[in-house]
Amino acid sequence: MLGAGAATAADAQHGQKIYDQTCVACHGADGRGALPGAPDFTSKSGPLAKDDALLLRHITDGFQSPGSMMAMPPKGGNSDLTEEDVIDVLRYIRGKYGS
Numbered sequence: 436m437l438g439a440g441a442a443t444a445a446d447a448q449h450g451q452k453i454y455d456q457t458c459v460a461c462h463g464a465d466g467r468g469a470l471p472g473a474p475d476f477t478s479k480s481g482p483l484a485k486d487d488a489l490l491l492r493h494i495t496d497g498f499q500s501p502g503s504m505m506a507m508p509p510k511g512g513n514s515d516l517t518e519e520d521v522i523d524v525l526r527y528i529r530g531k532y533g534s
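Structure representation (structure tokens):
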């Protein structure tokens, strides 16, 4: 489970704002990946099939997708993101693109 408490509407809006500012350039507004190698969040076997702890680590530390020339930088290249920011953006991604 993400975070200690239940997500609020403000958390969801905050997560969307972070996604729109930091993530959308690579992952796309539709979550299908705007750049080669960016994963498709809408795929049932895509990254959202993985557990929260792993995804939080990938977002925080960065990740090199197997077979991709590009790597996701830590925190999507936004070093100002806090742990709570990362949790909010993952909640947003799961809510928007997950099943």
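The letter at position 19 of the sequence shown is residue 454 when you use our numbering, and the numbering goes up by one with no holes. Even for Gly, the Cβ is constructed at its ideal location relative to N, Cα and C.
Over the uninterrupted alpha helix (DSSP H) stretch that includes residue i, give me the two end residues.
i             : result
tyrosine 532  : 518-532
arginine 492  : 487-496
aspartate 475 : No alpha helix (DSSP H) contains aspartate 475, which DSSP labels as neither H nor E.
glutamine 456 : Run containing glutamine 456: none; DSSP gives neither H nor E here.
Under 8 Å between the Cβ atoms of residue i and residue j?
i           : j              : result
glycine 466 : lysine 531     : yes
glycine 497 : alanine 506    : yes
glycine 450 : aspartate 523  : yes
valine 459  : threonine 495  : no
glycine 463 : methionine 504 : no
Looking only at DSSP bridge pairs, what is residue i linked to?
i              : result
methionine 507 : Phe498
State buried or exposed for residue i, treating a residue as buried only when at least 16 other CB atoms are found within 10 Å of its CB.
i           : result
proline 501 : exposed
On the premise that residue j lies in contact with residue i, defined as a C-beta separation below 8 Å, what is that separation, rounded to the nearest angstrom?
i           : j           : result
proline 482 : leucine 470 : About 15 Å; that fails the 8 Å criterion.
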